[in-house]
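In this note's numbering, the protein residues as written are 13 to 413. All C-beta atoms, glycine included, are put in the ideal place defined by N, C-alpha and C. Keep in mind the model is a prediction, meaning the values are calculated, not measured. Working notes, beginning with the structure itself.
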Ligand SMILES: *Cc1c(COP(=O)(O)O)cnc(C)c1O
């Protein structure tokens with residue numbers, strides 16, 4: 013009998029086909045092995061599973077609902093559009109799903125501190141929340157550009173008791189923040205645990221973060237069947253590092269459901285103007301793992317851009333690289349302006365202000381819906397847009413009704 017996909021991948025070295033693995037200096041390798049051993053232990057432990065279940069239900073407010081976007085469905089006149097409401101998860105995005113898991117793991121391992129990078133600030137807020145819950149110290153590295161752009165999240169992290177390290181090298185965004193956070197962790201692997209913000213980084217993070225995010229897919233499959241009696245025809249999610257997408261894809265990966273990852277096309281197709289790593293990238297190693305990445309002329313990670321701070325990363329989780337390479341997933345792109353249009357569309361038509369990241373997934377669904385009468389599209393609404401409202405209004409103004 014063929015094992016279900018999630019039991020087969022990754023292998024014990026962290027490979028999804030040719031992608032994944034662990035490419036880090038010796039001290040970090042040892043720390044990663046320690047995390048891997050601890051994770052494999054607790055993932056089987058009924059007390060850990062029960063604790064995580066309790067946290068999800070009573071602290072995070074799970075399960076999050078699926079909502080049938082009746083106004084948009086009617087207006088676009090084609091496929092039924094459904095939203096998995098991760099924006100209603102505590103802290104306003106899917107990221108708390110893996111942060112609570114990582115926090116619980118750190119506690120189990122006797123660690124005192126969580127270290128991480130953040131792009132839009134959502135991972136930082138989620139991790140600072142987890143740290144407060146578990147009584148751990150928290151240190152968040154964030155690019156200067158993102159600090160300015162996502163200031164409300166900086167304040168949130170500070171209120172939650174986290175220490176913010178401002179990163180001023182290079183483009184001053186997510187990639188530099190990852191480098192800086194890794195460096196800090198290297199100095200302090202004994203006391204602290206690195207808590208990666210997506211399905212990226214060295215093994216076991218792509219697997220572990222996927223497993224913690226898989227709750228989105230598990231809930232979605234059950235809820236969708238209950239609501240409609242069928243599975244969706246399409247599941248659409250935005251892809252930065254790829255955690256919200258892997259979370260929801262996990263629930264449908266052994267089903268005949270088309271899985272679509274949506275990458276940010278930013279200002280256009282020129283290198284430096286987008287962050288569409290799977291669409292335009294090539295195989296390479298970055299931040300400790302082998303995947304598909306955008307490279308500059310020297311083969312180094314390229315400068316990337318997207319209006320969505322949470323999506324501007326020059327690589328992507330190795331599992332996405334694998335699933336795309338075997339054609340189990342499809343990849344689409346959405347530009348800044350298309351995402352902003354979708355942001356206003358959902359706000360005005362359904363009364364839900366989405367994160368700009370999530371607006372990319374929605375924009376793609378709105379593009380394909382008119383030609384798909386009789387089909388059903390499930391969009392992972394990965395987060396709420398409160399963090400983006402100042403920026404959107406300042407840069408784009410109010411859209412006409
Ligand atoms: C961080 C973030 C993303 C992108 O991260 P993935 O790992 O690709 O899911 C998407 N949406 C929201 C709301 C985020 O905060």
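Exercise for the section: Report the residue from 352, 246, 382, 245 whose alpha carbon sits nearest the alpha carbon of residue 408. Expected result: On the chain shown, residue 408 is found 396 positions in, with the first residue counted as 1. Taking only the C-alpha atoms, the option nearest residue 408 is 352.
Practice task
For the beta strand (DSSP E) holding residue 78, just list the boundary residues, first then last.
Solution key: Residue numbering aside, residue 78 sits at position 66 when the chain shown is read from its first letter. From DSSP, the beta strand (DSSP E) with residue 78 extends over 78-80.
Exercise for the section: State buried or exposed for residue 281, treating a residue as buried only when at least 16 other CB atoms are found within 10 Å of its CB. Expected result: Indexing the chain shown from 1 puts residue 281 at position 269. Residue 281 should be labelled exposed.
Practice task
Confirm the yes/no value for this check: CB of residue 229, any heavy atom of ligand 3, distance under 7 Å.
Solution key: Ligand 3 is not part of this structure, which contains only ligand 1.
Handout entry: Every unbroken alpha helix (DSSP H) inside the stretch 182-242 [4 residues or more]
Key = 186-198, 217-240
Exercise for the section: Please name the residue in 328, 336, 268, 321 whose C-alpha comes closest to that of residue 296. Expected result: If you number the chain shown from 1, residue 296 lands on position 284. Considering only alpha carbons, the answer is 328.
Handout entry: Nearest to residue 292 (by Cα), restricted to the options 298, 276, 302
Key = In the chain shown, the residue the question calls residue 292 occupies position 280. For the residues 298, 276, 302, the minimum Cα distance to residue 292 belongs to 276.
Practice task
For residue 210, verify whether its CB is less than 7 Å away from any heavy atom of ligand 1.
Solution key: Taking the chain shown and counting its residues from 1, the one referred to as residue 210 is at position 198. True, at least one ligand heavy atom lies under 7 Å from that Cβ.
Practice task
Leaving aside the five residues before and after residue 206 along the sequence, list all residues of the same chain whose C-beta is less than 6 Å from its C-beta, in chain order.
Solution key: Position 194 of the chain shown holds residue 206. Within the same chain, residue 206 has close Cβ partners 127, 197.
Exercise for the section: For the beta strand (DSSP E) containing residue 276, list its first residue and its last residue. Expected result: Against the chain shown, residue 276 aligns to sequence position 264. Segment 270-278, the beta strand (DSSP E) holding residue 276.
Problem - Rounded distance between the beta-carbons of residue 263 and residue 229, thought under 8 Å - result: Stepping through the chain shown from its first residue, residue 229 is reached at position 217. Stepping through the chain shown from its first residue, residue 263 is reached at position 251. Contact holds; Cβ gap of about 2 Å.
Problem - residue 132 versus residue 257 - alpha carbon distance - result: By one-based count along the chain shown, residue 132 stands at place 120. By one-based count along the chain shown, residue 257 stands at place 245. C-alpha separation (whole angstroms): 17 Å.
Practice task
Determine the burial state of residue 405: buried for a count of at least 16 other Cβ atoms within 10 Å of its Cβ, exposed for fewer.
Solution key: As a working note, residue 405 is residue 393 in the chain shown. Under this definition residue 405 is an exposed residue.
Practice task
Please confirm whether residue 324 and residue 334 have their CB atoms less than 8 Å apart.
Solution key: Counting from one through the chain shown, the residue named residue 324 turns up at place 312. Counting from one through the chain shown, the residue named residue 334 turns up at place 322. No, Cβ-Cβ distance for residue 324 and residue 334 is not below 8 Å.
Handout entry: Three-pair Cβ contact test at 8 Å for the stretch 212-220 versus the stretch 40-51
Key = yes
Exercise for the section: Compute the Euclidean distance between the alpha carbons of residue 107 and residue 309, then round it to the nearest angstrom. Expected result: Taking the chain shown and counting its residues from 1, the one referred to as residue 107 is at position 95. Taking the chain shown and counting its residues from 1, the one referred to as residue 309 is at position 297. Distance between the alpha carbons of residue 107 and residue 309: 33 Å.
Exercise for the section: For residue 74, count neighbouring C-beta atoms within 10 Å of its own C-beta (all shown protein chains included) and say buried if the count is 16 or more, exposed if not. Expected result: In the chain shown, counting from the first residue as 1, residue 74 sits at position 62. Residue 74 should be labelled buried.
Exercise for the section: Report buried or exposed for residue 57, applying the criterion of at least 16 other Cβ atoms within 10 angstroms of its Cβ. Expected result: Working through the chain shown from its first residue, we reach residue 57 at position 45. Flag for residue 57 reads exposed.
Practice task
Pull up the distance between the alpha-carbon of residue 99 and that of residue 35, whole angstroms please.
Solution key: Counted from its first residue, the chain shown places residue 99 at position 87. Counted from its first residue, the chain shown places residue 35 at position 23. One C-alpha to the other measures close to 34 Å.
Exercise for the section: Count the other C-beta atoms from every protein chain shown that fall within 10 angstroms of the C-beta of residue 88, then say buried if there are 16 or more, exposed otherwise. Expected result: By one-based count along the chain shown, residue 88 stands at place 76. Residue 88 comes out buried.
Problem - residue 139 vs residue 362 beta-carbon contact at 8 Å - result: Your numbering for residue 139 matches position 127 in the chain shown. Your numbering for residue 362 matches position 350 in the chain shown. Result no, Cβ atoms of residue 139 and residue 362 do not sit closer than 8 Å.
Exercise for the section: With a threshold of 16 other CB atoms inside 10 Å of the CB of residue 210, please say whether the residue is buried or exposed. Expected result: Counting from one through the chain shown, the residue named residue 210 turns up at place 198. By the neighbour-count rule (16 or more Cβ atoms within 10 Å), residue 210 is buried.
Handout entry: DSSP bridge partner residues for residue 392 (one or two, in chain order)
Key = Within the chain shown, residue 392 is the residue found at index 380, counting from 1. Answer is 96.
Handout entry: residue 130 burial status per 10 Å Cβ neighbour count (16 or more: buried)
Key = Stepping through the chain shown from its first residue, residue 130 is reached at position 118. By the 10 Å Cβ count, residue 130 comes out buried.
Handout entry: CA-to-CA distance, residue 149 to residue 249, given in whole angstroms
Key = To locate residue 249, count along the chain shown from 1; it is residue 237. To locate residue 149, count along the chain shown from 1; it is residue 137. So the alpha carbons of these two residues sit roughly 32 Å apart.
Exercise for the section: Please state whether DSSP places residue 153 in a helix, a strand or coil. Expected result: As a first step, residue 153 is located in the chain shown; it is residue number 141 there, counting from the start. The answer is strand: DSSP assigns residue 153 an E or B state.
Handout entry: residue 359 - DSSP class collapsed to helix/strand/coil
Key = Here the question's residue 359 lines up with position 347 in the chain shown. Residue 359 falls in the helix class under three-state DSSP.
Handout entry: Helix, strand or coil at residue 120 [DSSP, three-state]
Key = Stepping through the chain shown from its first residue, residue 120 is reached at position 108. Helix.
Problem - Nearest neighbour of residue 313, chosen from 260, 303, 201, 94 [CA to CA] - result: Walking along the chain shown from the start, residue 313 turns up at place 301. Comparing Cα positions, the closest option is 303.
Practice task
Would you kindly work out how many angstroms separate the C-alpha atoms of residue 124 and residue 151, rounded to a whole number?
Solution key: For the purposes of this step, residue 124 is taken as residue 112 along the chain shown, with counting starting at 1. For the purposes of this step, residue 151 is taken as residue 139 along the chain shown, with counting starting at 1. When rounded, the distance between both Cα atoms is 11 Å.
Practice task
Confirm, please, whether the CB-CB distance from residue 201 to residue 37 is below 8 Å.
Solution key: Residue numbering aside, residue 37 sits at position 25 when the chain shown is read from its first letter. Residue numbering aside, residue 201 sits at position 189 when the chain shown is read from its first letter. Their beta carbons are not under 8 Å apart, which means residue 37 does not touch residue 201 by this criterion.
Handout entry: Same chain, Cβ closer than 6 Å to residue 146, five either side skipped, listed in chain order
Key = Residue mapping note: residue 146 aligns to position 134 of the chain shown, counting from 1. Hits under 6 Å: 115, 119.
Practice task
Grab me the residues of residue 272's own chain with a C-beta within less than 8 Å of its C-beta, minus the 5 sequence neighbours each way, in chain order.
Solution key: Looking up residue 272 in the chain shown gives position 260. Same-chain partners within the cutoff: 246, 247, 248, 249, 341, 342, 343, 344, 376.
Practice task
In angstroms with no decimal places, state the Cα-to-Cα distance between residue 183 and residue 86.
Solution key: By 1-based counting over the chain shown, the position of residue 183 is 171. By 1-based counting over the chain shown, the position of residue 86 is 74. Whole-angstrom Cα-Cα distance: 42 Å.
Problem - Assigned exposure category for residue 367 - 16 Cβ within 10 Å defines buried - result: Against the chain shown, residue 367 aligns to sequence position 355. That one is buried.
Exercise for the section: Quick one: using the 10 Å Cβ neighbour count with 16 as the cut-off for buried, is residue 299 buried or exposed? Expected result: Here residue 299 corresponds to residue number 287 of the chain shown, with the count starting at 1. Buried, since its Cβ has 16 or more Cβ neighbours within 10 Å.
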